[in-house]
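Down below is the structure, laid out as structure tokens.
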């Protein structure tokens with residue numbers, strides 16, 4: 014017999030009941046770090062490991078968002094903030110459905126990261142700092158973005174002529190220029206699993 018779901022005033026099922034069905038708690042893992050630090054690589058491996066453990070996940074990455082939802086936005090400071098604001102709102106919707114969201118965005122300023130935390134809610138938000146030196150990031154840059162930025166073809170490129178403020182309050186930090194992908198994933202999982210594992 015199918016369980017009847019209680020509804021909120023707006024007609025949507027209560028979050029707790031959705032999480033009960035999924036046997037997991039919704040959470041947003043917000044990855045910040047320079048281009049080339051390894052955010053996308055870690056996101057793919059993290060999703061694979063979580064899925065293998067039976068968790069439902071959703072990766073939200075900049076390339077897909079910029080080609081769809083936020084294709085009307087440019088790269089001015091205001092547009093970058095709006096880009097991240099919209100992403101945070103979408104991530105919140107997934108999270109409230111009980112999904113574990115892995116968001117991979119440079120989000121270079123404390124303002125942008127705290128804006129995301131404020132929208133999503135501190136209890137649902139985990140900031141993951143993917144830390145690598147700019148020298149290592151440039152060596153990994155298969156798209157040649159840093160090279161283009163250094164000769165002026167890409168203006169306001171983070172780490173070159175636009176600053177990146179390292180987060181002071183990251184919930185997790187992995188130094189991808191010092192440890193392997195496997196070591197980084199093990200560290201991340203040790204922090205995430207206790208937060209998403211269903212206990213009721």
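Numbering (my numbering), first residue to last: 14 to 213.
Heads up, the beta-carbon is just placed ideally off N, CA and C, and yes, glycines get one too.
Please read these numbers as outputs of a predicted model, since none were measured by experiment.
Asked                                                                                          : Found
Beta-ladder partner(s) of residue 203, from DSSP                                               : Answer is none; residue 203 lacks a bridge partner.
Anticipated Cβ contact below 8 Å, residue 137 with residue 39, distance rounded                : 6 Å
Secondary structure, alpha helix (DSSP H): runs of 4+ residues fully inside the segment 90-131 : 90-109
Cα-Cα separation between residue 110 and residue 31, rounded to whole angstroms                : 6 Å
Cβ pair residue 187, residue 204 closer than 8 Å                                               : no
Coil, strand or helix - residue 53 by DSSP                                                     : helix
Cβ-Cβ separation, residue 140 to residue 45 (assumed contact under 8 Å), whole Å               : 7 Å
Option in 77, 128 and 105 with minimal Cα separation from residue 28                           : 105
With 16 other Cβ atoms within 10 Å as the buried cut-off, status of residue 125                : buried
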